[in-house]
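Following: one structure in structure tokens, then a few remarks.
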Amino acid sequence: MDTFVEKLNNNPIFQLSLSSKELFHSNFLAWLAEDKNTQALFKKILSTWLGEDTFDYNTDCMEVKREYKNFDFSICEKIINDEESETGKIRLVLENKFKSIAYKAQLDNYKKKVDDLNEEADKAQCKLELKLKRLNTAKFENWKGNAKLPKTKYILLTLAEDFLDKEAVKQSGWIIVTYADYSKTLHDNLALVKDKFYKELLEKYCEFIDAFYTYTNNCLEKIKYTDNWEILKNEDFSTLRCNDIWQKLVMHQCALQLTKKLEKKFGKDFQPIIVTSDQEIWGENGTENKDKLFMRVSYYHGEALLELKYLIPQKGIFVLQQQGNHPLRAGFLDMLSKKPKYSKEHDTKNWNEETDKIIRGAKLATMVPPKKVESEDKPRYNSFGVFYYNDLNTVTKNIENTLDDMIDNINQVINLVK
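When the letters of the sequence shown are read in order and numbered with the numbering used here, they come out as residues 8 to 425.
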């Protein structure tokens, strides 16, 4: 029997997917929707996910769009004027997460964007109809009162079986479909595809999805929190050039465990808010997110990272960062957008003084101490841009101990800055 790596290396569909791991799957779904040989299968997929008779995909008045307004996959109304087609209201949005994880904040932004775009489309259509009918354009002022906005459907297609915002995403109106669900729906309805060549392509695609999904989730289930961070290095995923996917999934599983520990320590009312960037934390003048915890999982310079953050109003953000197999870092991200510009001969001295002033002003000198350099009379910090950091340990601890250290240190900082 072929190994996991052999199965995928011998699968031409998997090899084609490597050029763009998420875009490929959205393009594949668009192909199912647009090709006449597979349209019946695509309609069956939609009815399975959305419920029978809740969405009628009609190619005469609808069109599939790829990356339209930055949505991975969408179905829009097709407006035909004088034999030209225009994009109308958005009827369905599918967000594809094969190599990344969904966040509620991102999905909420998509829904708001759809509402705004649908209002614009309805407004434009109303104006056009009045013009064609040569009616008084004053009636256009009341377009909103007569607006006919669709109940747009939202689908999240995800490789991850579990993720941080899962329940909140469900409650916000997104239908969650795993890649295992997707493959099963394809398998169960292959009889709708009559052409032998098309059917063979679909079978290869399903084999790829099944193998990848099953092996990935089996590996995740075997993780023990007494393991060290070396588990981020997986030879099979590295061989297949998918180590980024594996590392992010591992870090998200560790983030789920950290969330449980935080709830036990601080209670349900002090749970971390999931963010994708620091801009979401700053708020207005760096004050509106006071007394809140934030969590981020990302992938940077070839290694996944997990961050727990706490805003210190009008000064900066304290960061606990576990990246790859490195020791846990304590860091500080100040409110400066970039390093101050000093004349070259005074760079080191002035930058060190500015750094020291900011960190001491935030009462974090004990958490983020400077790196001592004997040849200089001023302290110097490990830094990356305006992120100053210090390794809390000389060695890397196992996952469980690292997560406990993150909680102990964030608690210490909360008490320090009060």
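Backbone N, C-alpha and C fix where the C-beta goes; we use that ideal spot for every residue, glycine too. Since this is a predicted model, take the numbers as computed values, not measurements.
{"Check": "Okay, do the stretch 18-30 and the stretch 164-183 touch, 3+ Cβ pairs below 8 Å being the bar?", "Outcome": "no"}
{"Check": "Do you know offhand how far isoleucine 162's Cα is from asparagine 103's?", "Outcome": "9 Å"}
{"Check": "Under the rule that 16 or more other beta-carbon atoms within 10 Å means buried, what is serine 350, buried or exposed?", "Outcome": "At serine 350 the pLDDT is 49, less than 50, meaning the model places this residue with poor confidence and gives no usable figure here."}
{"Check": "So, phenylalanine 277 versus isoleucine 288, is the Cβ gap smaller than 7 Å?", "Outcome": "no"}
{"Check": "Fully enclosed by the stretch 11-35, which alpha helix (DSSP H) runs are 4 residues long or longer?", "Outcome": "11-16 and 19-24"}
{"Check": "So who's on the other strand from glycine 426, going by DSSP bridges?", "Outcome": "Given that the chain is displayed from residue 8 to residue 425, the structure contains no residue 426 and the question cannot be resolved."}
{"Check": "Would you please state the rounded distance, in angstroms, between the beta carbons of leucine 313 and alanine 262? I believe it to be under 8 Å.", "Outcome": "6 Å"}
{"Check": "Answer with buried or exposed for proline 279, where buried requires no fewer than 16 other C-beta atoms within 10 angstroms of its C-beta.", "Outcome": "buried"}
{"Check": "Since lysine 104 sits in a beta bridge, which residues does DSSP pair it with?", "Outcome": "Thr165"}
{"Check": "Leaving aside the five residues before and after glutamine 113 along the sequence, list all residues of the same chain whose C-beta is less than 7 Å from its C-beta, in chain order.", "Outcome": "Thr283"}
{"Check": "I believe threonine 192 touches asparagine 405 by the beta-carbon criterion, under 8 Å. Please report the beta-carbon distance rounded to the nearest angstrom.", "Outcome": "Actually they are not in contact, since the Cβ atoms of threonine 192 and asparagine 405 sit about 40 Å apart, beyond 8 Å."}
{"Check": "Give me the Cα-Cα distance between threonine 223 and tryptophan 253, rounded to the nearest whole angstrom.", "Outcome": "7 Å"}
{"Check": "Counting Cβ pairs, one atom from each stretch, are 3 or more of them under 8 Å apart for the stretch 328-337 and the stretch 399-414?", "Outcome": "yes"}
{"Check": "For serine 350, which of helix, strand or coil comes out of DSSP?", "Outcome": "Confidence at serine 350 is low in this model, with a pLDDT of 49, below 50, so its placement is unreliable and the value that follows should be read with caution. It is coil, neither helix nor strand."}
{"Check": "Is it buried or exposed for arginine 248, if we count other Cβ within 10 angstroms and need 16 for buried?", "Outcome": "exposed"}
{"Check": "In the DSSP output, what is phenylalanine 391 paired with across the bridge?", "Outcome": "Phe394"}
{"Check": "Just tell me which of Thr61, Phe62, Asp169 and Ser107 has its CA closest to the CA of glutamine 264.", "Outcome": "Asp169"}
{"Check": "If you reduce the DSSP assignment to three classes, tell me which class methionine 413 lands in.", "Outcome": "helix"}
{"Check": "According to DSSP, what are the bridge partners of serine 245?", "Outcome": "DSSP, once it has assigned bridges, lists no residue as partnering serine 245."}
{"Check": "Report the partner residues of leucine 312 according to the DSSP bridge assignment.", "Outcome": "Ser305 and Gln330"}
{"Check": "Based on DSSP bridge pairs, tell me the residues matched to methionine 69.", "Outcome": "Glu84"}
{"Check": "For the stretch 364-377 against the stretch 303-311, are there 3 or more C-beta pairs whose distance is under 8 Å?", "Outcome": "no"}
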